[in-house]
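Shown next, in structure tokens, is the structure this report addresses.
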Amino acid sequence: MASSCTVQVKLELGHRAQVRRKPTTEGFTHDWAVFVRGPDNMPIQHFVEKVIFYLHDSFPKPKRGQYPPSSFLAHSSLSSTPTSPSSFLTNSDPPSS
Numbered sequence: 023m024a025s026s027c028t029v030q031v032k033l034e035l036g037h038r039a040q041v042r043r044k045p046t047t048e049g050f051t052h053d054w055a056v057f058v059r060g061p062d063n064m065p066i067q068h069f070v071e072k073v074i075f076y077l078h079d080s081f082p083k084p085k086r087g088q089y090p091p092s093s094f095l096a097h098s099s100l101s102s103t104p105t106s107p108s109s110f111l112t113n114s115d116p117p118s119s
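Under this note's numbering, the sequence shown has 94 at position 72, and the numbering climbs by one with no breaks.
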């Protein structure tokens, strides 16, 4: 009889933005940040191999990879921007057939 193992990993996905007091030289009016972290800032590097943030196509390099423990991305732009993060979980087991 094969044994099975179930693991539940809780992650927090967050986003914050604020209007700058003065625009940057590029004309950016907002500072924003997105992140993936563990609850109460618990470390996630034992479970998460990497996080990729997909930004709007108007950004240079809209696909940004971050590696724990710092799965955090900050930027300035003309507004806050939606992102789609993908988290890749760590797995040392070989693929099953």
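For every residue, glycine included, the Cβ atom is placed at its ideal position computed from N, Cα and C.
Alpha carbon of residue i to alpha carbon of residue j, nearest angstrom
i	j	result
residue 78	residue 114	33 Å
residue 35	residue 95	12 Å
residue 42	residue 104	18 Å
residue 39	residue 65	23 Å
residue 44	residue 92	28 Å
residue 37	residue 54	7 Å
C-beta neighbour in chain C for residue i, strict 8 Å
i	result
residue 85	Among the chains of the structure shown, chain C does not appear; only one protein chain is present.
Same chain only: Cβ atoms within 7 Å of residue i, ignoring 5 sequence neighbours per side
i	result
residue 127	For residue 127 there is no data in the structure shown, the boundaries of the chain being 23 and 119.
Cut-off 6 Å between Cβ atoms - residues of its own chain near residue i, not counting five sequence neighbours on either side
i	result
residue 28	none
Cβ-based neighbour list, residue i, same chain, cut-off 8 Å, excluding 5 preceding and 5 following
i	result
residue 111	31, 69, 70, 71
- Query: Are at least three pairs of beta-carbons, each pair with one atom in the segment 64-77 and one in the segment 43-52, less than 8 Å apart?
  - Reply: With a cut-off of 8 Å, the segment 43-52 and the segment 64-77 do not count as touching, because too few Cβ pairs lie within range.
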